[in-house]
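Here's the structure, in structure tokens; my notes come after.
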Amino acid sequence: MTPYSGLAGSSSPAGWLAVAGLGPGGAQWVTPEVSQALAEATDIVGYRSYVARVEPRPGVVLHTSDNGDELARAAHALRLAEQGRRVVVVSSGDPGVFAMAAAVFEALEQGPLAWRALDLRVLPGVSAMLAAAAQVGAPLGHDFCAINLSDNLKPWDLLEHRLRLALQGDFVVALYNPRSQARPHGFARALELLRGTCGEAEAARRPLVFARCVCTPQQHLRVVTLSQARPEMADMRTLVIVGSSQSRLIERDGVPWVYAPRSAPRASR
Ligand code: SAH
Numbered sequence: 108m109t110p111y112s113g114l115a116g117s118s119s120p121a122g123w124l125a126v127a128g129l130g131p132g133g134a135q136w137v138t139p140e141v142s143q144a145l146a147e148a149t150d151i152v153g154y155r156s157y158v159a160r161v162e163p164r165p166g167v168v169l170h171t172s173d174n175g176d177e178l179a180r181a182a183h184a185l186r187l188a189e190q191g192r193r194v195v196v197v198s199s200g201d202p203g204v205f206a207m208a209a210a211v212f213e214a215l216e217q218g219p220l221a222w223r224a225l226d227l228r229v230l231p232g233v234s235a236m237l238a239a240a241a242q243v244g245a246p247l248g249h250d251f252c253a254i255n256l257s258d259n260l261k262p263w264d265l266l267e268h269r270l271r272l273a274l275q276g277d278f279v280v281a282l283y284n285p286r287s288q289a290r291p292h293g294f295a296r297a298l299e300l301l302r303g304t305c306g307e308a309e310a311a312r313r314p315l316v317f318a319r320c321v322c323t324p325q326q327h328l329r330v331v332t333l334s335q336a337r338p339e340m341a342d343m344r345t346l347v348i349v350g351s352s353q354s355r356l357i358e359r360d361g362v363p364w365v366y367a368p369r370s371a372p373r374a375s376r
């Protein structure tokens, strides 16, 4: 593959595929690299609401789909690039975080060998947890992990197991896809598990951040303790950050600052 300077092949007839992150919301969080790929694309592929965020251009073909079959969508994009099209697969946030980049590589691995010679690039974006963290301070300033709370693609007991281990390791935990109409109970169970594991006294001080529609006009931020947290505080447009035992809260007018100190005391295990 040629060194990257803009999208290689943009002036040649060769096709390429870029898997791009659109960031959490407004245009100022779309990187110049992603904007350039979108400006050069002949085809945009993605989930309906993400494709809708791309400024339409005459001649650009939009391939929208429902959130369903990601592998089929990925294979479709690879086939288009193979045919010489300049394709951008769009995701919200970062395409490598619970999004299309992994699906593209899964389709690539299963597909014809010829696909491995394609000009394929992953263009990073600002993931929801980073955007949400920045709005409330620095809650991810120490060790943290991210867990997708949807059990569509993995069994619930595995999810619970990982949540328990994350708490045991005293990680700050960013929870993606916390709650949807199709999955109203999972987040409630997760909160129960968190409270059960932490104990009452700790739950009364441990901060949780509910960051909804971050970096959009609908942005809503809420910082509560684990004891105060309710399932209804989250939906599919919310990113939840669960503090660790070391997380700090600085009260002020409005939403408090939350941060994780840079160092952990020796006694924190
Ligand atoms: N690739 C995306 C994540 C896709 S999973 C990323 O890197 O951000 C979709 C989940 O991301 C949503 O259910 C929600 O938990 C979170 N999310 C995406 N955009 C968000 C935003 N603007 N505000 C809050 N959460 C967001």
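Numbered according to this note's numbering, the sequence shown spans residues 108 to 376.
We treat Cβ as the ideally placed atom computed from N, Cα and C, and that holds for glycine.
Near the ligand SAH: residue i beta-carbon under 7 Å from a heavy atom
i	result
threonine 323	yes
aspartate 201	yes
alanine 235	yes
cysteine 320	yes
threonine 345	yes
phenylalanine 317	no
proline 231	no
glycine 306	no
valine 204	yes
serine 198	yes
alanine 239	yes
glycine 132	yes
proline 291	no
tyrosine 366	no
proline 285	yes
Residues bridged to residue i [DSSP beta-bridge criterion]
i	result
cysteine 252	Val280
tyrosine 366	Ala245, Arg355
arginine 228	Ala125
alanine 297	None, per the DSSP bridge assignment.
alanine 318	Leu328, Leu346
glycine 130	Gly200
valine 152	His170, Val196
>> Can you confirm whether the region 134-153 touches the region 186-198 when touching is taken to mean that 3 or more C-beta pairs between the two stretches lie within less than 8 Å?
In response: yes
>> Extract the residue ranges of the beta strand (DSSP E) inside the region 166-216, only unbroken runs of 3 or more that lie entirely within it.
In response: 168-172, 193-198
> Can you list the alpha helix (DSSP H) stretches of 4 or more residues lying completely in the region 259-294, in chain order?
Replying inline: Within the region 259-294, the complete alpha helix (DSSP H) runs of at least 4 residues are 263-275.
> If you pair each beta-carbon of the region 267-276 with each one of the region 323-334, do three or more pairs fall below 8 Å?
Replying inline: no
> Does the region 310-321 come close enough to the region 220-234 that 3 or more CB-CB pairs lie under 8 Å?
Replying inline: no
>> Across the region 319-326 and the region 124-134, are there enough close Cβ pairs to call them in contact, namely three or more that are closer than 8 Å?
In response: Touching, yes, given that three or more Cβ pairs across the two stretches are closer than 8 Å.
> Counting pairs of Cβ atoms below 8 Å between the region 148-167 and the region 198-210, do you hit three or more?
Replying inline: yes
> Taking three-plus beta-carbon pairs below 8 Å as touching, is the region 283-290 in contact with the region 301-315?
Replying inline: no
> Any chance the region 240-253 sits against the region 222-230, with 3 or more Cβ pairs inside 8 Å?
Replying inline: No: the two stretches stay apart, fewer than three of their Cβ pairs being nearer than 8 Å.
> Are there three or more Cβ pairs, one per stretch, closer than 8 Å when the region 257-268 is compared with the region 346-363?
Replying inline: With a cut-off of 8 Å, the region 346-363 and the region 257-268 do not count as touching, because too few Cβ pairs lie within range.
> Three or more beta-carbon pairs under 8 Å between the region 176-191 and the region 215-226, yes or no?
Replying inline: yes
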